[in-house]
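Undergrad:
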Amino acid sequence: MKAAELFVRTLENEGVEYVFGIPGEENLDVMDALLDSSIQFITTRHEQGAAFMADVYGRLTGRAGVCMATLGPGATNLITGVADANMDHAPLVAIAGQASTNRLHKESHQVLNLEAMFLPITKYSTRIVSPGVIPEIVRKAFKVAQTEKTGACFIEFPENIAEMEIDDAPLRVKHATPPEPAAEYIERAAELISNAENPIILAGNGVIRANAAKALTEFAEKLGIPVANTFMAKGVIPFGHPMSLGSVGLQSNDYVNTGFANADVIICIGYDMVEYHPYLWHPSRDRTLIHIDTTHAEVDGYYSVVLGVVGNITHSLNRIAALTSPHEGKAMRTLRDSLITEMNQHRRDTEFPVKPQKIIWDLRTAMHLEDIVICDVGAHKMWMSRMFRCEYPNTCIISNGFASMGIAVPGAIAAKLAHPERKVVAVTGDAGFLMNSQEIETAMRLNIAIVILIWNDASYGLIEWKQQNQFGRTSNVKFGNPDFVQYAQSFGATGVRVNKTEDLITVLKEALDSNTVTVIDCPVDYRENLKLTESLGQLTQQTER
Numbered sequence: 001m002k003a004a005e006l007f008v009r010t011l012e013n014e015g016v017e018y019v020f021g022i023p024g025e026e027n028l029d030v031m032d033a034l035l036d037s038s039i040q041f042i043t044t045r046h047e048q049g050a051a052f053m054a055d056v057y058g059r060l061t062g063r064a065g066v067c068m069a070t071l072g073p074g075a076t077n078l079i080t081g082v083a084d085a086n087m088d089h090a091p092l093v094a095i096a097g098q099a100s101t102n103r104l105h106k107e108s109h110q111v112l113n114l115e116a117m118f119l120p121i122t123k124y125s126t127r128i129v130s131p132g133v134i135p136e137i138v139r140k141a142f143k144v145a146q147t148e149k150t151g152a153c154f155i156e157f158p159e160n161i162a163e164m165e166i167d168d169a170p171l172r173v174k175h176a177t178p179p180e181p182a183a184e185y186i187e188r189a190a191e192l193i194s195n196a197e198n199p200i201i202l203a204g205n206g207v208i209r210a211n212a213a214k215a216l217t218e219f220a221e222k223l224g225i226p227v228a229n230t231f232m233a234k235g236v237i238p239f240g241h242p243m244s245l246g247s248v249g250l251q252s253n254d255y256v257n258t259g260f261a262n263a264d265v266i267i268c269i270g271y272d273m274v275e276y277h278p279y280l281w282h283p284s285r286d287r288t289l290i291h292i293d294t295t296h297a298e299v300d301g302y303y304s305v306v307l308g309v310v311g312n313i314t315h316s317l318n319r320i321a322a323l324t325s326p327h328e329g330k331a332m333r334t335l336r337d338s339l340i341t342e343m344n345q346h347r348r349d350t351e352f353p354v355k356p357q358k359i360i361w362d363l364r365t366a367m368h369l370e371d372i373v374i375c376d377v378g379a380h381k382m383w384m385s386r387m388f389r390c391e392y393p394n395t396c397i398i399s400n401g402f403a404s405m406g407i408a409v410p411g412a413i414a415a416k417l418a419h420p421e422r423k424v425v426a427v428t429g430d431a432g433f434l435m436n437s438q439e440i441e442t443a444m445r446l447n448i449a450i451v452i453l454i455w456n457d458a459s460y461g462l463i464e465w466k467q468q469n470q471f472g473r474t475s476n477v478k479f480g481n482p483d484f485v486q487y488a489q490s491f492g493a494t495g496v497r498v499n500k501t502e503d504l505i506t507v508l509k510e511a512l513d514s515n516t517v518t519v520i521d522c523p524v525d526y527r528e529n530l531k532l533t534e535s536l537g538q539l540t541q542q543t544e545r
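In terms of UniProt numbering, the sequence shown opens at residue 1 and continues consecutively.
1) Following the continuous beta strand (DSSP E) through Phe127, name the residue where it begins and the one where it ends.
2) What separation, rounded to the nearest whole angstrom, lies between the Cα atoms of residue 550 and Ala3?
3) Rounded to whole angstroms, what's the CA-CA distance from Ile320 to Ala215? Just pull it up for me.
4) Rounded to the nearest angstrom, how far is the Cβ of Gly21 from that of Ala50, given a contact under 8 Å?
5) Would you mind working out which of Glu298, Val274, Gly472 sits nearest Ala403, comparing C-alpha positions?
6) Buried or exposed: where does Ser247 fall if 16 or more other Cβ atoms within 10 Å of its Cβ makes it buried?
7) Which runs of the alpha helix (DSSP H) at least 4 residues long sit entirely within the stretch 427–505? Give them in chain order.
8) Is Thr230 buried or exposed, if buried means 16 or more other CB atoms sit within 10 Å of its CB?
9) List the DSSP bridge partners of Thr518.
10) Return the CA-CA distance between Phe239 and Gly259, expressed in angstroms with no decimal places.
11) Taking all protein chains shown into account, do 16 or more other C-beta atoms lie within 10 angstroms of the C-beta of Val56, making it buried, or fewer, making it exposed?
12) Residues in its own chain within less than 6 Å of Gly151 by CB, not counting five upstream and five downstream?
13) Please report the straight-line C-alpha distance between Gly301 and Arg285, rounded to a whole angstrom.
14) Please report the residue range of the alpha helix (DSSP H) in which Tyr18 lies.
15) Apart from the five residues just before and just after Ile134, which ones in its own chain have a Cβ nearer than 8 Å to its Cβ?
16) Kindly indicate which three-state DSSP category Pro199 falls into: helix, strand or coil?
17) Between which residues of its own chain and Tyr185 is the CB-CB distance below 6 Å, once the five residues before and five after are set aside?
18) Kindly identify the DSSP beta-bridge partner or partners of Gln98.
19) Between the stretch 108–116 and the stretch 134–148, can you find at least three pairs of beta-carbon atoms closer than 8 Å?
20) Based on the DSSP secondary-structure assignment, which residues constitute the bridge partners of Asp293?
21) Round the Cβ separation of Val427 and Ala414 to the nearest angstrom and send it over; I've been treating them as touching at under 8 Å.
22) By alpha-carbon positions, which one of Glu115, Arg59, Tyr460, Thr501 ends up nearest to Lys355?
23) Pick helix, strand or coil for Gly62, following the three-state DSSP scheme.
24) For Glu544, collect the residues of the same chain with a Cβ closer than 7 Å to its Cβ; drop the 5 residues on either side in sequence, then sort them by chain order.
25) Quick check: what's the CA-CA separation for Thr61 versus Ala418?
26) Based on DSSP bridge pairs, tell me the residues matched to Gly224.
27) If you draw a straight line from the alpha carbon of Asp271 to that of Ala228, how long is it in whole angstroms?
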């Protein structure tokens with residue numbers, strides 16, 4: 001067989017269902033081999049959209065999402081989505097065609113050293129230099145991508161190698177499993193937690209990746225220890241649970257309001273530093289930090305771990321809980337109670353344009369608890385991260401490691417492919433929407449029904465918010481928009497404009513019940529932004545684009 005056929009067989013062997021990408025001249029042989037494969041190639045309208053689809057697919061399924069491009073500009077267009085997956089710890093394998101190896105040593109049309117280019121933004125980056133190494137390279141890429149901490153890998157595939165003949169077969173797939181936690185560290189953790197006066201848990205996205213949300217909830221409930229979660233760990237403990245404090249990481253005052261300021265022992269479980277930097281919740285650098293995760297702690301001056309319990313998170317929590325004396329459950333409810341108060345305060349608001357709090361209330365009301373929201377990056381992300389209530393993990397996907405605009409629309413398509421039985425909503429600002437809105441055509445072509453809810457303020461709203469906070473004036477953040485209703489209709493999708501606040505809930509419900517793409521243009525009143533920071537403190541630096 002051709003090397004390209006072997007390559008496709010290795011992808012099948014890894015359980016790949018979809019490859020997101022764009023055909024090109026240097027991946028012709030792979031594209032042809034895919035025609036005889038069980039793998040469905042999802043032709044996208046931009047390689048960045050393909051990478052974001054693979055990113056979100058990997059995050060939702062735990063299996064590496066796969067994206068593919070041709071050489072040169074096709075490959076460079078993958079970079080933002082690949083970097084996002086790597087920093088957000090979503091498993092992803094990116095593939096790019098390349099020129100023949102006999103012209104890689106010199107200046108040549110569209111040739112870049114892709115292996116070197118992707119090296120800083122992946123866990124593993126390599127070039128296929130002979131057909132015989134294909135089984136090993138593909139197996140390694142998927143193993144590395146899917147092993148904690150999960151992330152992105154890159155394979156460069158020169159066109160002349162793809163054409164060569166080879167008689168070989170894929171390697172056996174064996175998934176890596178985290179080690180068992182050491183007994184002495186379990187005992188020491190139980191002792192520290194038992195003797196704590198005011199312990200608190202900071203739960204990160206690693207808990208979700210480890211499928212340990214149920215174990216975390218039982219741990220917190222049994223020991224009476226409150227849980228604050230990062231934006232990327234929304235739903236890791238149900239918002240309605242008595243031990244849930246809500247999501248933290250938006251305002252500097254979260255440190256005080258959530259209880260970190262009064263905690264003597266902070267138990268960090270599945271915590272990724274990119275989610276919520278420790279200098280924001282541990283400025284004093286004098287608390288006892290316990291690190292419970294599948295990997296060792298990152299080195300940071302504000303994250304000086306007294307004890308690390310490394311291994312299977314579920315087993316660690318269950319074993320620590322069995323040896324620990326329960327606390328009285330003195331949950332610091334300040335943040336959660338203030339959120340509930342603010343949510344209820346705006347549930348019947350009728351002012352127009354629509355307040356962020358009202359949009360979120362109506363969206364949560366219209367959606368089932370297991371439906372999925374993919375949130376883009378911008379001012380709307382600040383509100384969604386804080387106020388959108390989640391009872392289940394992976395029902396509100398937020399990028400807060402790399403935090404790139406443009407993820408929502410392609411991400412929603414991937415979410416619907418991963419979970420066709422659920423409703424999926426892309427929540428996006430007008431700026432982020434137009435970065436990858438061309439993927440509406442992809443959704444329409446594939447009959448993928450999603451809802452795209454645009455918070456329209458004709459501005460780079462988050463930057464405007466920060467400019468107003470810092471300087472009291474704005475700089476070059478305003479722009480114009482097309483008619484989003486007509487824009488949606490030009491793709492054959494449904495377009496709806498919200499003209500009064502009372503109509504929003506009806507529009508949302510009808511869109512969710514539709515079997516096509518529905519784009520909702522909802523004017524938003526971002527005067528609420530400054531009111532929020534005035535009452536709760538400045539935005540942190542964890543919220544950038």
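Every residue, glycine too, gets a C-beta built ideally from N, C-alpha and C.
TA: Put simply:
1) Counting from one through the sequence shown, the residue named residue 127 turns up at place 127. The amino acid at residue 127 is misidentified as Phe; the sequence shows Arg. 124–127 is the span of the beta strand (DSSP E), which, as asked, contains Arg127.
2) This structure gives no information on residue 550, because the portion of the chain shown stretches from 1 to 545.
3) Numbered from 1 along the sequence shown, position 320 holds the residue referred to as residue 320. Numbered from 1 along the sequence shown, position 215 holds the residue referred to as residue 215. Between Ile320 and Ala215, the C-alpha separation is close to 11 Å.
4) Locating residue 21 in the sequence shown gives position 21, counting from the first residue. Locating residue 50 in the sequence shown gives position 50, counting from the first residue. Contact flag correct, Cβ pair sits at about 5 Å.
5) For the purposes of this step, residue 403 is taken as residue 403 along the sequence shown, with counting starting at 1. Cα-wise, what sits closest to Ala403 is Val274.
6) Against the sequence shown, residue 247 aligns to sequence position 247. With 16 or more other Cβ atoms within 10 Å, it is buried.
7) 430–435, 439–445, 461–471, 484–490
8) Taking the sequence shown and counting its residues from 1, the one referred to as residue 230 is at position 230. Answer is buried; the Cβ neighbour count reaches 16.
9) For the purposes of this step, residue 518 is taken as the residue at position 518 of the sequence shown. Thr518 pairs with Val451, Thr494.
10) Taking the sequence shown and counting its residues from 1, one reaches residue 239 at position 239. Taking the sequence shown and counting its residues from 1, one reaches residue 259 at position 259. Their Cα atoms are separated by approximately 17 Å.
11) To locate residue 56, count along the sequence shown from 1; it is residue 56. Buried, since its Cβ has 16 or more Cβ neighbours within 10 Å.
12) Taking the first residue of the sequence shown as position 1, residue 151 is located at position 151. Asn86, His89, Lys123.
13) Here residue 301 corresponds to residue number 301 of the sequence shown, with the count starting at 1. Here residue 285 corresponds to residue number 285 of the sequence shown, with the count starting at 1. Distance between the alpha carbons of Gly301 and Arg285: 8 Å.
14) Counting from one through the sequence shown, the residue named residue 18 turns up at place 18. Tyr18 -> not in any alpha helix (DSSP H); beta strand (DSSP E) instead, spanning 18–21.
15) Reading the sequence shown from its first residue, position 134 is the one you call residue 134. Correct list, in chain order: Ala3, Leu6, Phe7, Thr10, Ile128, Ile166, Asp168.
16) Here residue 199 corresponds to residue number 199 of the sequence shown, with the count starting at 1. DSSP places Pro199 in strand when its eight states are reduced to three.
17) Along the sequence shown, read from residue 1 onward, the residue named residue 185 stands at position 185. Val309, listed in sequence order.
18) What you label residue 98 is simply residue 98 of the sequence shown in a count that begins at 1. According to DSSP, which records beta bridges pairwise, Gln98 is partnered with Pro158.
19) no
20) Here residue 293 refers to the residue found at position 293 when the sequence shown is read from its first residue. Val310, per the DSSP bridge assignment.
21) Start at 1 with the first residue of the sequence shown, and residue 427 comes out as number 427. Start at 1 with the first residue of the sequence shown, and residue 414 comes out as number 414. Incorrect: roughly 15 Å between the Cβ atoms, too far for contact.
22) In the sequence shown, the residue the question calls residue 355 occupies position 355. Of the candidates Glu115, Arg59, Tyr460, Thr501, the one whose C-alpha sits nearest the C-alpha of Lys355 is Thr501.
23) Translated into the one-based positions of the sequence shown, residue 62 becomes position 62. Reduced to three states, the DSSP call for Gly62 is coil.
24) As a first step, residue 544 must be located in the sequence shown, where it is residue number 544. With a pLDDT of 49 at Glu544, under the threshold of 50, the predicted position of this residue should be treated as unreliable, and no value is reported.
25) As a working note, residue 61 is residue 61 in the sequence shown. As a working note, residue 418 is residue 418 in the sequence shown. Taking the straight line joining both Cα atoms gives about 7 Å.
26) Within the sequence shown, the letter at position 224 stands for residue 224. None, per the DSSP bridge assignment.
27) Stepping through the sequence shown from its first residue, residue 271 is reached at position 271. Stepping through the sequence shown from its first residue, residue 228 is reached at position 228. One point to set straight first is that residue 271 is Tyr, not Asp, in the sequence displayed. The straight-line gap from Cα to Cα measures roughly 11 Å.
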